[in-house]
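Novice: Got a structure here, written out as structure tokens. Questions coming.
In the working numbering, the protein residues as written are 61 to 403.
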């Protein structure tokens with residue numbers, strides 16, 4: 061019988077496993093807390109459980125996790141982590157410190173199949189989805205470094221690393237369940253943000269599944285022609301479809317939606333573009349994050365000029381929209397938004 065990944069098991073499945081192995085019901089809670097509160101990653105660490113039970117677990121299960129292969133440090137304090145997976149693949153995550161918070165940016169896939177032209181990860185193509193443990197353990201590894209070096213835990217998690225989180229829906233939602241479980245990592249859902257390029261059916265599913273975290277939409281283009289050209293995901297999820305999905309999401313969750321918009325020189329940074337963006341947001345409350353574009357090797361795109369950015373933001377603010385300019389960190393180590401890529 062092939063071994064199973066124990067980190068993929070839900071709380072209910074752990075209860076069933078313990079029952080099958082003849083253990084009392086309290087063992088399931090102990091095992092869950094070992095895995096998700098104490099972050100045990102070998103059966104030898106389960107010191108309050110019998111050797112016989114640990115051996116039975118080891119016969120049937122293994123830990124599908126990540127190991128740190130390399131860490132690069134930016135002059136601004138950002139750290140980029142290269143994680144090695146059990147099959148030899150690599151992914152990247154980022155530790156982003158600031159005065160107010162410590163943010164972990166984590167990946168959901170090896171590569172990405174959406175092929176957005178202005179994103180480094182999009183040039184890799186898609187290899188596979190990450191497992192629950194491969195997702196959560198990026199956070200735990202990053203937090204361990206944050207505590208050791210900064211003496212502060214991770215306060216916020218963003219699913220903005222490699223991959224499209226909603227194309228790995230089941231594992232991403234399960235990872236969030238473990239991270240937020242009060243008997244597990246116990247992080248508040250309000251401190252977690254999932255970013256998507258905008259897959260309408262899954263946005264509606266988030267609403268139906270009572271998604272309690274924050275949702276960010278990587279919009280970047282305010283009309284279908286350009287969005288389809290640079291973001292092929294738009295072919296099956298055009299702006300009308302996306303708008304309907306976001307209106308439905310807000311109706312069900314009552315939550316404000318973040319709109320991510322990278323300003324590209326001469327492509328999407330005109331006042332007309334700002335007007336189209338404002339029109340798109342009329343059906344639901346938003347916070348617009350203007351992103352300074354981060355180029356990468358082989359990219360022909362350039363960041364918008366400072367005056368263009370200023371005019372774009374000013375136009376939106378005059379319409380009483382909430383607008384933040386997101387200054388990218390970690391550019392010097394290719395750790396900024398859109399720069400993560402397997403090397």
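Where is the CB? At the ideal position from N, CA and C, for every residue including glycine.
#1: DSSP beta-bridge partners for residue 139?
#2: For residue 105 versus residue 94, is the C-beta spacing smaller than 8 Å?
#3: Since residue 193 is in the beta strand (DSSP E), which residue starts that stretch and which ends it?
#4: For residue 172 and residue 185, I'd like the C-alpha separation in whole angstroms.
#5: I'd like to know whether the C-beta atoms of residue 190 and residue 169 end up nearer to each other than 8 Å.
#6: Is the distance from the Cβ of residue 264 to the Cβ of residue 305 below 8 Å?
#7: Going by beta carbon distance, what residues of the same chain come within less than 6 Å of residue 260, once the five residues before and after it are set aside?
#8: Skipping 5 residues on each side, what residues in its chain have a beta carbon closer than 8 Å to that of residue 116?
#9: Thinking residue 143 and residue 129 are a contact (beta carbons under 8 Å), I'd like their distance in whole angstroms, please.
#10: At which residues does the beta strand (DSSP E) containing residue 300 begin and terminate?
#11: Can you look up residue 214 in the DSSP assignment and give me helix, strand or coil?
#12: Taking contact to mean at least 3 C-beta pairs separated by less than 8 Å, is the stretch 206-222 in contact with the stretch 65-82?
#13: Can you tell me whether residue 224 is buried or exposed? The criterion is at least 16 other CB atoms within 10 Å of its CB, across all chains shown.
#14: Using a Cβ-Cβ cutoff of less than 6 Å, which residues in the same chain neighbour residue 311 once the five nearest sequence positions on both sides are dropped?
Specialist: Walking through what the data contain:
#1: 133, 155
#2: yes
#3: From DSSP, residue 193 is part of no beta strand (DSSP E) but of the alpha helix (DSSP H) over 192-210.
#4: 5 Å
#5: yes
#6: yes
#7: 297, 301, 302, 305
#8: 81
#9: 6 Å
#10: Run containing residue 300: none in the beta strand (DSSP E); it sits in the alpha helix (DSSP H), 299-313.
#11: coil
#12: no
#13: buried
#14: none
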